[in-house]
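Student: Quick one: this structure, given as structure tokens, is what I'll be asking you about.
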Amino acid sequence: SQELEQSPQSLIVQEGKNLTINCTSSKTLYGLYWYKQKYGEGLIFLMMLQKGGEEKSHEKITAKLDEKKQQSSLHITASQPSHAGIYLCGAPAFFGNEKLTFGTGTRLTIIP
Amino acid sequence: DGGITQSPKYLFRKEGQNVTLSCEQNLNHDAMYWYRQDPGQGLRLIYYSQIVNDFQKGDIAEGYSVSREKKESFPLTVTSAQKNPTAFYLCASSIRTSGSGSDNEQFFGPGTRLTVL
Chain A
1 SQELEQSPQS LIVQEGKNLT INCTSSKTLY GLYWYKQKYG EGLIFLMMLQ KGGEEKSHEK
61 ITAKLDEKKQ QSSLHITASQ PSHAGIYLCG APAFFGNEKL TFGTGTRLTI IP
Chain B
113 DGGITQSPKY LFRKEGQNVT LSCEQNLNHD AMYWYRQDPG QGLRLIYYSQ IVNDFQKGDI
173 AEGYSVSREK KESFPLTVTS AQKNPTAFYL CASSIRTSGS GSDNEQFFGP GTRLTVL
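Just so you know, the protein sequences line up as chains A and B, in that order. Note that our numbering gives residue 22 to position 22 of the first sequence, counting from 1, and the numbers run on in steps of one. Note that our numbering gives residue 171 to position 59 of the second sequence, counting from 1, and the numbers run on in steps of one.
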């Protein structure tokens, strides 16, 4: 079965600094979803990457997909307190599969 | 507004009791899912349903049961057979079913925190 490993598990960053979160799959990636979760709440969809080399941005968050490395990275520029939360990556087992396997999450704390 | 609702937000149960968690969506989505989230373990799939009156076990289905009598509703029952039911439960839905496309974003409800006393 597919496993997604996220690194780091937790991250404490000073406000205004940049940061990167990685998601590495044990198997071929057929797409990669990034979600954000506030503690005790549901997941909010950030973006989805489909093709190798694809890069998407939303406000100050950029995600990339490296199919060869079976890895995706999420980069936040000039972090703000609103970026704090848990970031989770999810991936389907095969193309078009509706079931997603999720990583264990990265807890991001922003220090003023 | 369209979305997914879960109720209640917090639920307390005595050992040996069954309890049902509600999940309703008005997004006209075909697929619905139940996940369990424990600290440090991410999300684990309990059950999922691709169509009304049909559902499949996920990775940790033991001690749980579901029904899908209506497209909009996918209730989860945590039975007394579930040995460690205290957790955060998340319901999700998606528009597409397997093989119909690659863009299959899941929309999540706000979650229900279940505590067994």
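All residues carry an ideal CB built from backbone N, CA and C; glycine is no exception.
So THR191 (chain B) and GLY175 (chain B) are in contact, right, with Cβ under 8 Å, and what is the actual spacing, rounded?
Tutor: In the second sequence, the residue the question calls residue 191 (chain B) occupies position 79. In the second sequence, the residue the question calls residue 175 (chain B) occupies position 63. 6 Å between Cβ atoms; contact.
Student: Determine the closest residue to ASP66 (chain A) out of A:LEU74, A:LEU100 and A:PRO8, with distance taken between C-alpha atoms.
Tutor: What you label residue 66 (chain A) is simply residue 66 of the first sequence in a count that begins at 1. Ranking the options by Cα distance to ASP66 (chain A), first place goes to A:LEU74.
Student: Grab me the residues of ASN138 (chain B)'s own chain with a C-beta within less than 6 Å of its C-beta, minus the 5 sequence neighbours each way, in chain order.
Tutor: Numbered from 1 along the second sequence, position 26 holds the residue referred to as residue 138 (chain B). Excluding sequence neighbours, ASN138 (chain B) sits near GLY114.
Student: Determine the closest residue to GLU5 (chain A) out of A:CYS89, A:GLY96, A:ALA78 and A:ASN97, with distance taken between C-alpha atoms.
Tutor: Position 5 of the first sequence, counted from the start, is the residue given in the question as residue 5 (chain A). The residue with the shortest Cα to Cα distance from GLU5 (chain A) is A:CYS89.
Student: Taking 7 Å as the threshold (beta carbon to beta carbon), is THR24 (chain A) in contact with chain B?
Tutor: Position 24 of the first sequence, counting from 1, holds the residue named residue 24 (chain A). With 7 Å as the cut-off, THR24 (chain A) does not count as an interface residue toward chain B.
Student: Mind checking who LYS56 (chain A) pairs with in its DSSP beta bridge?
Tutor: One-based indexing of the first sequence puts residue 56 (chain A) at position 56. In DSSP, LYS56 (chain A) forms a bridge with A:ALA63.
Student: Whole alpha helix (DSSP H) runs in the region 135-173 of chain B with 4 or more residues, listed along the chain?
Tutor: Runs found: none.
Student: Quickly, what does DSSP pair PHE45 (chain A) with across the bridge? List them, please.
Tutor: As a position in the first sequence, residue 45 (chain A) is number 45, starting the count at 1. DSSP output for PHE45 (chain A) lists A:TYR35 as bridge partner(s).
Student: Beta-carbon within less than 8 Å of LEU123 (chain B)'s beta-carbon, same chain only, minus the 5 sequence neighbours each way: which residues are those?
Tutor: Translated into the one-based positions of the second sequence, residue 123 (chain B) becomes position 11. Around LEU123 (chain B): VAL131, LEU133, THR224, ARG225, LEU226 and THR227.
Student: Using the C-alpha atoms, what's the distance from SER161 (chain B) back to GLU41 (chain A)?
Tutor: By 1-based counting over the first sequence, the position of residue 41 (chain A) is 41. By 1-based counting over the second sequence, the position of residue 161 (chain B) is 49. Their backbone Cα atoms lie some 22 Å apart in a straight line.
Student: Helix, strand or coil: which one does DSSP assign to LEU7 (chain A)?
Tutor: Start at 1 with the first residue of the first sequence, and residue 7 (chain A) comes out as number 7. Strictly speaking, residue 7 (chain A) in this sequence is Ser, with Leu absent from that position. Three-state DSSP puts SER7 (chain A) in a strand.
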